[in-house]
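Residue numbering for the sequence shown follows the numbering used here, beginning at 33 and increasing consecutively.
C-beta: ideal position from N, C-alpha, C; glycine also.
A quick write-up on the structure given underneath.
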Amino acid sequence: MIHNTKELKRPLILASVMLGMFLAAIEGTIVATAIPSIVADLGGFSLYSWVFSAYLLTNAATVLIFGKLSDIFGRKPIFVVGVSIFIIGSICCGLSTSMLMLIISRFVQGLGAGAVMPIATTIVGDIYDKKERAKIQGYLASVWGISAVSGPLLGGMFIDLLSWRYIFWMNIPLGLLAMLGIILFLHEDIEKKKRSIDYGGSILILITVCSFMFILVEGGIGIPWSSPLMIFLLFLAIGGFIFFIFHEKRSKAPMMPFDIWKYKLISVANIITLLTGMILIGVSSYLPAFVQGVMGQSATVAGFTLTTMSIGWPISSVIAGRLLLVIGYRSTSLIGGIALIIGATFFFMLSPEMGPIWAGIGSFFIGIGMGMTSTSFIVAIQSTVSWEKRGIATAANMFMRSLGSAVGAALLGGILNNRIKAYITTNEIEDKVSVDAANQLLAPNQQNALSEQVKSVLQDGLTSGLHYVYTGLLILSVIAFVLITFLPKKEND
């Protein structure tokens, strides 16, 4: 527990927490802007989605277990360990000389982020009372907004002026400042109590998610669907999920406590959060590839198309906080669902001729939808459960967002790779290029070196593949809206 709350230098603690959250939050947008240049430098377009999936996978698999560790050892040591791991991963990312090395380094980064995000949120809950938290939520929302706005801009600037490696190295001084603030100003009295840790549940969910993602990303591309390895992975995914459920029901301290799912609001909201996580990663991961590879724009312009989503998100979060008190969380969520459909429709209709402004408008509506739904769900979930379960319920919702982003990156990446491969085969140039040849579309100097025939086929193939990705986003947004209508009208129903 926190010692002498009134005597704490809470503004300094809050600043340190927000800085830690900023580090983890900015990784999505800044890497999304830089990934075309990274792929052009390191190669390996078929591994494109794994740069995102690796980070999100370890994040999703460890967020709940780190939350439990903070209950045992305290917030401070787990936060410091998380930021330290994140910094080590960032250093390795910047030093990467191949896509494989980068992906492994992103696994390490995600592991650190899995500790930073839930612990930062928990620290805020520890040092502020119920009335103050409403105000602080606005500050926390601004972190996501600032990181989302600055991420694409910083990513584009680093690429155009320096090198993509600096998008990772910038985390070093910021991470050290966040750790120093927590070490100096956060004081805790930890109750010495023996508690069990659900290592088994963590291992099972890691096996399940890893197997599922390998199936989605490599199925039909790197691993034939009928191969023994694919069958084995399918067995691991299904078997791991079944054993995970069985294990969690019997565990005394489950990583995913199923009793919170008995609340209709929580179960429906978490499923919707899973879908919105997939939508979010679909936009942030593949919009820069379309703007640069198909439209032929610079990394900075690609960053601006994501910036509009970043503007819409914090604005709608603030508005949602006020709407919740007037029309309730369900109606506020419905408005967010409509915005998601509008944004996804813009992407579904996107073509090279429409230009980056059209893409930016669609991105803005996605941001509006994300801000409305995420704010509504967090406030409603925390109001539904008692204090004793509030941390677990919040962590479960964060887990579903991370899991949705991880699965979305893998699923949509698999769709993109399969469609590009099919397009190349249909146009009978597979003897000249492969899926990895799409790397050259993301580097202006290499793109100009391509023959007109190959360049045209690759651009059309990338356009076709991304159209299927955006079709998937539209379907996901419609499903999310339908599920919102199933939310109970009152929080405690």
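Handout entry: Where Arg197 falls: helix, strand or coil (DSSP)
Key = Counting from 1 along the sequence shown, the entry for residue 197 is found at position 165. Residue state, collapsed to three classes: coil.
Handout entry: Spatial distance of Thr153 from Ala147 (CA atoms)
Key = The sequence position of residue 153 within the sequence shown is 121, counting from 1. The sequence position of residue 147 within the sequence shown is 115, counting from 1. CA-to-CA, the gap between Thr153 and Ala147 works out to about 10 Å.
Exercise for the section: Taking Tyr361 as the reference, give the member of Met149, Tyr80, Ile516 and Met202 with the closest Cα. Expected result: By one-based count along the sequence shown, residue 361 stands at place 329. Taking only the C-alpha atoms, the option nearest Tyr361 is Ile516.
Exercise for the section: Look at the alpha carbon of Ile151 and the alpha carbon of Phe118, and state the distance between them as a whole number of angstroms. Expected result: The residue you call residue 151 lines up with position 119 of the sequence shown. The residue you call residue 118 lines up with position 86 of the sequence shown. Straight through space, the alpha carbons of Phe118 and Ile151 are spaced by roughly 14 Å.
Exercise for the section: Would you tell me roughly how many angstroms separate the C-alpha atoms of Gly576 and Ser349, rounded to the nearest one? Expected result: Past the boundaries of the shown model lies residue 576; the chain is included only from 33 to 525, so the question cannot be answered.
Exercise for the section: Within its chain, find whatever has a CB closer than 7 Å to the CB of Ile367; leave out the 5 residues flanking it on each side and keep chain order. Expected result: In the sequence shown, the residue the question calls residue 367 occupies position 335. Result list for Ile367: Met404, in chain order.
Exercise for the section: Assign Asp291 to buried or exposed, taking buried as 16 or more other Cβ atoms, counted over all protein chains shown, within 10 Å of its Cβ. Expected result: Stepping through the sequence shown from its first residue, residue 291 is reached at position 259. Classification of Asp291: exposed, given that the 10 Å Cβ count is below 16.
Practice task
Assign Pro320 to buried or exposed, taking buried as 16 or more other Cβ atoms, counted over all protein chains shown, within 10 Å of its Cβ.
Solution key: As a first step, residue 320 is located in the sequence shown; it is residue number 288 there, counting from the start. Buried: at least 16 other Cβ atoms inside 10 Å.
Practice task
Consult DSSP for Gln329 and reduce its assignment to one of helix, strand or coil.
Solution key: The residue given as residue 329 occupies position 297 in the sequence shown. It is coil, neither helix nor strand.
Exercise for the section: Count the other CB atoms, across all protein chains shown, that sit within 10 Å of the CB of Met288; report buried if there are 16 or more and exposed otherwise. Expected result: Looking up residue 288 in the sequence shown gives position 256. Per the 10 Å Cβ criterion, buried.
Handout entry: Identity of the residue in Phe264, Tyr502 and Ala428 nearest Leu372 by Cα
Key = Position 340 of the sequence shown, counted from the start, is the residue given in the question as residue 372. Residue Tyr502 is the option with its Cα nearest to Leu372.
Practice task
Please report the Cβ distance between Leu46 and Leu206, rounded to the nearest whole angstrom; I am assuming they are in contact, meaning their Cβ atoms lie under 8 Å.
Solution key: Locating residue 46 in the sequence shown gives position 14, where the first residue counts as 1. Locating residue 206 in the sequence shown gives position 174, where the first residue counts as 1. About 16 Å separates the two Cβ atoms, so there is no contact after all.
Exercise for the section: Could you check the C-alpha separation between Lys41 and Leu218 for me, to the nearest Å? Expected result: Reading the sequence shown from its first residue, position 9 is the one you call residue 41. Reading the sequence shown from its first residue, position 186 is the one you call residue 218. The C-alpha of Leu218 is placed about 8 Å away from the C-alpha of Lys41.
Practice task
For Tyr318, count neighbouring C-beta atoms within 10 Å of its own C-beta (all shown protein chains included) and say buried if the count is 16 or more, exposed if not.
Solution key: Position 286 of the sequence shown, counted from the start, is the residue given in the question as residue 318. Counting Cβ neighbours within 10 Å, Tyr318 comes out buried, since at least 16 surround it.
Practice task
Take the Cβ of Glu488 as the centre, count every other Cβ of all protein chains shown within 10 Å, and call the residue buried at 16 or more, exposed below.
Solution key: Position 456 of the sequence shown holds residue 488. Inspection of the sequence shows that residue 488 is occupied by Ser rather than by Glu. Classified as exposed, Ser488 has fewer than 16 neighbouring CB atoms from the shown chains inside 10 Å of its CB.
Problem - Three-way DSSP call (helix, strand, coil) for Phe518 in this model - result: The count along the sequence shown starts at 1 and reaches residue 518 at position 486. Shown here, Phe518 sits in coil according to DSSP, grouped into three states, outside any helix or strand.
Exercise for the section: To the nearest angstrom, report how far apart Ala391 and Trp196 are at their CA atoms. Expected result: Counted from its first residue, the sequence shown places residue 391 at position 359. Counted from its first residue, the sequence shown places residue 196 at position 164. When the Cα atoms are used, Ala391 and Trp196 turn out to be separated by approximately 23 Å.
Practice task
Determine the contact status of Ile456 and Gly497, defining contact as a CB-CB distance below 8 Å.
Solution key: Position 424 of the sequence shown, counted from the first residue, corresponds to residue 456. Position 465 of the sequence shown, counted from the first residue, corresponds to residue 497. Taking C-beta atoms as the reference points, Ile456 and Gly497 fail to come closer than 8 Å.
Practice task
Rounded to whole angstroms, what's the CA-CA distance from Leu209 to Gln491? Just pull it up for me.
Solution key: Taking the first residue of the sequence shown as position 1, residue 209 is located at position 177. Taking the first residue of the sequence shown as position 1, residue 491 is located at position 459. Annotation: Leu209 to Gln491 spans about 44 Å, alpha carbon to alpha carbon.
Problem - 8 Å CB neighbourhood of Ile370 in its chain, flanking five on each side removed - result: Counting from 1 along the sequence shown, the entry for residue 370 is found at position 338. Residues of the same chain with a CB within less than 8 Å of the CB of Ile370, apart from the 5 flanking positions on each side, are Gly401 and Phe513 in chain order.
Exercise for the section: Within 10 angstroms of the Cβ of Lys100, are there 16 or more other Cβ atoms? Answer buried if so, exposed if not. Expected result: As a working note, residue 100 is residue 68 in the sequence shown. Buried, by the Cβ-count rule.
Exercise for the section: Please confirm whether Ala427 and Leu96 have their CB atoms less than 8 Å apart. Expected result: In the sequence shown, the residue the question calls residue 427 occupies position 395. In the sequence shown, the residue the question calls residue 96 occupies position 64. Annotated as proximal: Ala427 and Leu96, with beta-carbon spacing under 8 Å.
Practice task
Starting from the Cα of Trp82, find the closest Cα among Ile359, Met50 and Ile136 and give me that residue.
Solution key: By one-based count along the sequence shown, residue 82 stands at place 50. If you compare the alpha carbons of Ile359, Met50 and Ile136 with that of Trp82, the shortest gap goes to Ile136.
Exercise for the section: Use the C-beta contact count for Ile199: other C-beta atoms within 10 angstroms, 16 or more gives buried, fewer gives exposed. Expected result: Residue 199 sits at position 167 when you count from the first residue of the sequence shown. Its Cβ being crowded by 16 or more others within 10 Å, Ile199 is buried.
Practice task
Within 10 angstroms of the Cβ of Tyr231, are there 16 or more other Cβ atoms? Answer buried if so, exposed if not.
Solution key: Your numbering for residue 231 matches position 199 in the sequence shown. Exposed, because fewer than 16 other Cβ atoms sit within 10 Å of the Cβ of Tyr231.
Handout entry: Proximity of Gln298 and Thr416 at Cβ, strictly below 8 Å
Key = By 1-based counting over the sequence shown, the position of residue 298 is 266. By 1-based counting over the sequence shown, the position of residue 416 is 384. Rather than Gln, the amino acid found at residue 298 in this sequence is Ile. Taking 8 Å as the Cβ cut-off, Ile298 and Thr416 qualify as a contacting pair.
Practice task
Kindly indicate which three-state DSSP category Ile507 falls into: helix, strand or coil?
Solution key: Along the sequence shown, read from residue 1 onward, the residue named residue 507 stands at position 475. The answer is helix: DSSP assigns Ile507 an H, G or I state.
Exercise for the section: Determine the direct distance from the alpha carbon of Trp293 to that of Leu526, and round the result to whole angstroms. Expected result: Outside the shown range of the chain (33 to 525) lies residue 526, about which nothing can therefore be said.
Exercise for the section: Could you round the C-beta distance between Leu74 and Met131 to whole angstroms and report it? I think they count as a contact, below 8 Å. Expected result: Translated into the one-based positions of the sequence shown, residue 74 becomes position 42. Translated into the one-based positions of the sequence shown, residue 131 becomes position 99. About 5 Å separates the CB atoms of Leu74 and Met131; that is less than 8 Å, so the two are in contact.
Problem - Cβ shell of Ile70 (< 6 Å), same chain only, five flanking positions each side left out - result: Within the sequence shown, residue 70 is the residue found at index 38, counting from 1. Once the five neighbours on either side are set aside, the close Cβ partners of Ile70 are Trp196.
Exercise for the section: For the alpha helix (DSSP H) containing Lys296, list its first residue and its last residue. Expected result: Here the question's residue 296 lines up with position 264 in the sequence shown. Lys296 to Ala321 is the extent of the alpha helix (DSSP H) around Lys296.
Handout entry: Rounded separation between Ala72 and Ile311 - CA only
Key = Walking along the sequence shown from the start, residue 72 turns up at place 40. Walking along the sequence shown from the start, residue 311 turns up at place 279. Those two C-alpha atoms are separated by around 25 Å.
Handout entry: Rounded straight-line distance, which links the Cα of Phe275 to that of Gly493
Key = For the purposes of this step, residue 493 is taken as the residue at position 461 of the sequence shown. For the purposes of this step, residue 275 is taken as the residue at position 243 of the sequence shown. Approximately 40 Å, taken between the alpha carbons.
Practice task
Hey, could you find the ends of the alpha helix (DSSP H) Tyr87 is sitting in?
Solution key: Reading the sequence shown from its first residue, position 55 is the one you call residue 87. For Tyr87, the enclosing alpha helix (DSSP H) begins and ends at Tyr80 to Phe105.
Handout entry: Neighbourhood of Pro286 by C-beta distance below 7 Å, restricted to the same chain and skipping five residues each side
Key = The sequence position of residue 286 within the sequence shown is 254, counting from 1. So the qualifying residues of the chain are Asp230, Gly233 and Glu280.
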